[in-house]
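Residue numbering for the sequence shown follows the working numbering, beginning at 6 and increasing consecutively. Quick reminder that beta carbons are idealized off the backbone N, C-alpha and C, glycines included. These figures come from a predicted structure and were not determined experimentally. I have placed the structure first, in the form of structure tokens, so that the comments after it can refer back to it.
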Amino acid sequence: MGKKQQKPTNQPPKREFIFQKKNYTFMFIGLAFITLGFILMSGGGSDDPNVFNEAIYSFRRIRLAPTLVLIGLGIEIYAILLNPHKKK
6 MGKKQQKPTN QPPKREFIFQ KKNYTFMFIG LAFITLGFIL MSGGGSDDPN
56 VFNEAIYSFR RIRLAPTLVL IGLGIEIYAI LLNPHKKK
């Protein structure tokens with residue numbers, strides 16, 4: 006049983022990035038969703054601490070904004086796991 010001989014090469018190993026343009030595109034889209042979700046979640050407070058503002062319980066702050074943040078996190082996970090080198 007012979008051992009495989011490696012041919013010596015004078016070329017340095019080719020360096021390649023893990024993420025490609027497609028990964029970064031999805032990462033920026035996910036980041037935009039997360040940012041939009043946090044922007045929609047902000048506000049709704051009252052200037053006077055003795056007055057309660059019902060706007061804090063609006064659909065936008067309770068349902069829409071957290072959903073956008075979760076969708077953005079899902080897109081980020083997809084962007085990290087996406088393999089642009091995979092051939093169809």
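From what residue to what residue does the alpha helix (DSSP H) around E21 run?
Reading the sequence shown from its first residue, position 16 is the one you call residue 21. That residue, E21, is in no alpha helix (DSSP H); it is neither H nor E in DSSP.
Compute the distance between the beta-carbons of I80 and F22, then report whether it is under 8 Å.
Working through the sequence shown from its first residue, we reach residue 80 at position 75. Working through the sequence shown from its first residue, we reach residue 22 at position 17. No, these two residues do not count as a Cβ contact at 8 Å.
In whole angstroms, what is the alpha-carbon distance linking R1 and M46?
Residue 1 falls outside the range modelled here, since the chain spans only 6 to 93, and no answer is possible.
Please determine, among K92, H90, A84 and K91, the residue with the shortest C-alpha to C-alpha distance to Y29.
Stepping through the sequence shown from its first residue, residue 29 is reached at position 24. It is A84.
Hey, how far is the Cα of D52 from the Cα of F38?
In the sequence shown, residue 52 corresponds to position 47, counting from 1. In the sequence shown, residue 38 corresponds to position 33, counting from 1. Roughly 29 Å between the two C-alpha positions.
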